[in-house]
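Here's the structure we're looking at; comments come further down.
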Amino acid sequence: MSLWTDLLTAPQPSALDLALQSWIEEQEANLRAGYELYRQYYRGNHRSQLTDRLKKFLPQTLEFRDNFLDVVVDVAAERLNLIGFDAGAQPTVAETIWAWWQANRMDAMQQLVHTETLINGDAYVMATWEDSIPRFYFQDPQMIVARYDANTRRLAFVSKKWAETHEIGQTAVTRLNIYYPERIEKYRASGGVWLRHQDEGEQAWPLPWRDKQGRPLGIPIVHFRNRALSDDFGLSELADLIPLQDLLNKALIDLMMILDTQAFRQRYTLGIEPPSQYDITPGAVWSLQSEDPANAKVGEFGVSEIDGSLRAIETIIQHIAGQSRTPQHLFHISGDYPSGEALKTAEAGLVHKVKEKQVNFGNSWEDLMYVALRMQGVWGRAVAPVETTLSALWSDPETRNEKAHLEGLKMKAELGITRDQLWREMGYSQEQIDQMHEDKQRERIEDTNIGAEILKSFSRGEG
């Protein structure tokens, strides 16, 4: 029996069980609160507000901010582009997987998964079997908690908790599914108690999750983690940047206050009865009256310089760039855009960061496809070999100098690198590569037919 099974089905849980269940629920609540905070900051909903003075001439509900955190996420996410899978000596397996990928429109979903993982630190994708192929669905991390074995650090089970309604106005039922490598346990909440649940057509509880040989199919929800290190959960790309974003917003509000109150010359009078209103239009003449003209005085205060505030803002942006390894030119804070070696140097940190994520995210995509292949062995027509080894293939995250890149590919070709690999490094997807092979095969057939027709013409004396 599992820990969750013991906690959920025990008729009279012990004090230790209740304490442990409370700790798990508290951890889930903390995760959800963190996810919500990161999403709000990514969208620009920050905790900065206008001062009372600024609210006098700007909308009362305006929350002032200048969002740089979406740039940090989007710049990395747009360079995480999975373009195929390599199955080694089993190319038909790779072709099958890529057909599934296209059928699920994963070109769009992968961007969602990568972006959510960078924002939250965690994202999840579920594999199911529908219409004779596997289907892949993004899962909201606020509904899911992954648990890892303390000894092996391998994923032990994944729990998904959500509110389910079937009709408008119907009271929602809280559902909980727990996915293990070899079984699925389903529960529903009733009167504060978790009861076993079976969907229509299910004959057993827990639901067996094994192949025809009795081997576990694997957990059908795959965990994507960002910068996880040894923790169960990932770390958001925004976690260390939120204080800097708050500081940036504060500096911008300070700049607004300077511009509003001290960026223009302020006049003053001493010993003079002021008029009802000063006319500050060009060429206007003020007529001032004083009972003591000898001591009367008119003057003005100097303006405050804003250079210090501007330098402070630029410094904070530089810290955001350095902390996130995002090239400063991608924030568009100046008109300078590096090229050549300068561009390569400026993007070195970003490229290295993206390549690290390609390894971790690639492992998760491979795990998802392994589950899909096992499901195919149960419900599909073909069975992939057990020893299938998959490798995710990614487009190059580096901004390239095309001429230098092609020269490098030419050198690799001379060293014996396969044509397909060179095409991948040029950015072609597996679908495009397959199409190029088909085109070349068709051209060879057409050339052969043309040659045969020429020989026939010669033999007939038409040449």
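In this text, residue positions in the sequence shown follow this note's numbering: the first is 3, and each later residue adds one.
In this text, a Cβ means the ideal position worked out from N, Cα and C, and glycines have one as well.
Every value quoted in this text rests on a predicted model; they were computed, and no experiment measured them.
For I322 versus Y43, is the C-beta spacing smaller than 7 Å?
-> No, the Cβ-Cβ distance between I322 and Y43 is not below 7 Å.
Endpoints, the alpha helix (DSSP H) within which R313 is located | D309 to S326
Taking Cβ positions, are V195 and S366 nearer each other than 7 Å?
-> no
Within this structure, are the beta carbons of I315 and A253 separated by less than 7 Å?
-> yes
Go through the segment 222-301 residue by residue and report every complete run of the beta strand (DSSP E) that reaches 3 residues or more, in order.
-> Secondary structure remark: continuous beta strand (DSSP E) runs of at least 3 residues inside the segment 222-301, in chain order: 223-227 and 268-272.
May I ask which residues mark the beginning and end of the alpha helix (DSSP H) holding Q92?
-> Q92 -> no alpha helix (DSSP H), and no H or E assigned at all.
Residue interval of the alpha helix (DSSP H) (run including Q200) = Per DSSP, Q200 belongs to no alpha helix (DSSP H) and is neither H nor E.
Touch test, the segment 138-158 against the segment 223-237, Cβ-Cβ under 8 Å, three pairs minimum = Yes: at least three Cβ pairs fall under 8 Å.
Cα-Cα separation, Q443 to A101 | Distance between the alpha carbons of Q443 and A101 is about 21 Å.
Any beta strand (DSSP E) of 3 or more consecutive residues that is wholly inside the segment 368-403 | 393-396
Y430, DSSP secondary structure in three states = coil
Ignore the nearest five residues each way along the sequence and tell me which others in D234's own chain have a CB closer than 8 Å to its CB.
-> The residues A148, R149 and Y150, in chain order, have a CB closer than 8 Å to that of D234 in the same chain once the five nearest residues on each side in sequence are set aside.
Nearest to R212 by alpha carbon, out of G193, L272 and Y182?
-> Y182
Mark G36 as exposed unless 16 or more other C-beta atoms lie within 10 angstroms of its C-beta, in which case mark it buried.
-> buried
Inter-residue Cα distance where the pair is R217 and E184 | 8 Å
Let me know the secondary structure DSSP gives E445 once reduced to three states.
-> In the structure shown, E445 sits in a helix (DSSP, three-state: H, G or I).
Between A165, E358 and Q141, which lies nearest to L231 when the distance is taken from Cα to Cα?
-> E358
Consult DSSP for F363 and reduce its assignment to one of helix, strand or coil.
-> F363: helix per DSSP, three-state reduction.
Looking only at C-alpha atoms, which of K346, N153, P399 and I99 sits nearest to Q432?
-> Per the Cα distances, I99.
Alpha-carbon to alpha-carbon, E349 and P399 | 10 Å
According to DSSP, is I146 helix, strand or coil?
-> strand
Identify which residue in D88, S311 and W207 has its Cα closest to the Cα of E187.
-> W207
What residue range is occupied by the uninterrupted beta strand (DSSP E) comprising Q141?
-> I135 to Q141
Taking the C-alpha atoms as reference points, what is the distance between L249 and D109?
-> 36 Å
I419 to M111, Cα distance in whole Å?
-> 31 Å
Cut-off 7 Å between Cβ atoms - residues of its own chain near G351, not counting five sequence neighbours on either side | Excluding five sequence positions before and after G351, the CB atoms of its chain that fall closer than 7 Å to its own CB belong to R327, given in chain order.
Would you check if the distance between the CB atom of A96 and the CB atom of A89 is smaller than 7 Å?
-> yes
Looking at I318 and A298, is the spacing between their C-beta atoms short of 7 Å?
-> In this structure, I318 does not lie closer than 7 Å to A298 by Cβ.
First through last residue of the beta strand (DSSP E) which encompasses E187 | R185 to S192
Give the DSSP-derived three-state secondary structure of M3 in the structure shown.
-> With a pLDDT of 49 at M3, under the threshold of 50, the modelled position of this residue cannot be trusted; read the value that follows with caution. DSSP places M3 in coil when its eight states are reduced to three.
State buried or exposed for M3, treating a residue as buried only when at least 16 other CB atoms are found within 10 Å of its CB.
-> Any reading at M3 must be qualified, since the residue scores a pLDDT of 49, below 50, and its modelled position is unreliable; the value itself is stated next. Result: exposed.
Rounded Cβ spacing between F159 and I135 (contact assumed at less than 8 Å) | Their Cβ separation, rounded to whole angstroms, is 26 Å, which puts F159 and I135 out of contact at 8 Å.
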